[in-house]
Amino acid sequence: MAIVSRGFGARRRASDPQLPPGQYLTEDFPVLSAGPTPRIDLATWTFEIQSGTDTLAAWSWDELIALEIEDVRTDIHCVTRWSKLGTSWRGVSIDTLLAGIDTTASYATAHSYGGYTTNIPLAELRGGRAWVAFEFDGAPLDPEHGGPARLLVPHLYFWKSAKWVHGLTLMDQDAPGFWEQNGYSMHGDPWTEERYW
1 MAIVSRGFGA RRRASDPQLP PGQYLTEDFP VLSAGPTPRI DLATWTFEIQ
51 SGTDTLAAWS WDELIALEIE DVRTDIHCVT RWSKLGTSWR GVSIDTLLAG
101 IDTTASYATA HSYGGYTTNI PLAELRGGRA WVAFEFDGAP LDPEHGGPAR
151 LLVPHLYFWK SAKWVHGLTL MDQDAPGFWE QNGYSMHGDP WTEERYW
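The opening residue of the sequence shown carries number 1 in the UniProt record's numbering; numbering runs sequentially from there.
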């Protein structure tokens, strides 16, 4: 009996210029998680942006989906070496959520239901590069893939796209999240293979 899902296995890289170094193409969507899948009630779901102990902004589920929603078509790349091309998402841009927030912070930590965290330079979340996504391929995002909402940062390895996201903490100094504390790169660019320390 396998103790890890098949998505953790390595495969030979296809010769495709759309794939970053060391990646192979998959047509399915492997499920990889650092823990059990939380079940989240939309009636109590919230997304907060914090700085220290101060809450700078917060949205309920209904408030989030009432914001401007964007359609995103993008490739995604997992540090376990699979890539999926041309994926379709819908969500709210982090630019929209940060609008009106005055901050000098350079970094953010994403927080998830279930306790997972990951660190991301704030510049990587701005400029139309990141979303709180709640639909995949025309349907609500499955819990196994991070539903009801996950962070989507497709230009970085997919562990930075935190599942079950419920907030960001803005910070002046970088600090490692879950996988970063366990040897993964602080940044995670797939095109330069920033997989590990």
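Ideal Cβ positions, reconstructed from N, Cα and C, are used throughout, including at glycine.
Bear in mind that the values here come from a model prediction, so they are computed numbers and not experimental data.
Distance check between H111 and each of T46, Y184, P17 places T46 closest, using alpha-carbon atoms only.
The alpha-carbon of W179 is positioned some 9 Å away from that of M186. Our two residues, T74 and G86, have alpha carbons roughly 5 Å apart in a direct line. Between the C-alpha atoms of P148 and G22 there is a straight-line separation of about 31 Å. Restricting attention to L56, G35, I65, the CA atom closest to the CA of L42 is found in I65. Boundaries cannot be given for W45, as no beta strand (DSSP E) includes it and DSSP labels it neither H nor E. Of A108, E27, D28, the smallest CA-CA separation from P121 is found for A108.
Listed in chain order, the non-local C-beta contacts of L151 below 6 Å within the same chain comprise A110, S161, A162, V165, local neighbours out to five positions each way being set aside.
Each of L170, T80, E70, D62 was checked against the Cα of Q50, and the nearest Cα belongs to L170. Cβ-Cβ distances below 8 Å link R126 to I94, D95, L98 in the same chain, with the five nearest sequence neighbours on each side left out; the list follows chain order. Secondary structure at H77: strand, using DSSP grouped into helix, strand and coil. At the C-beta level, V72 and W159 stay beyond 7 Å of one another.
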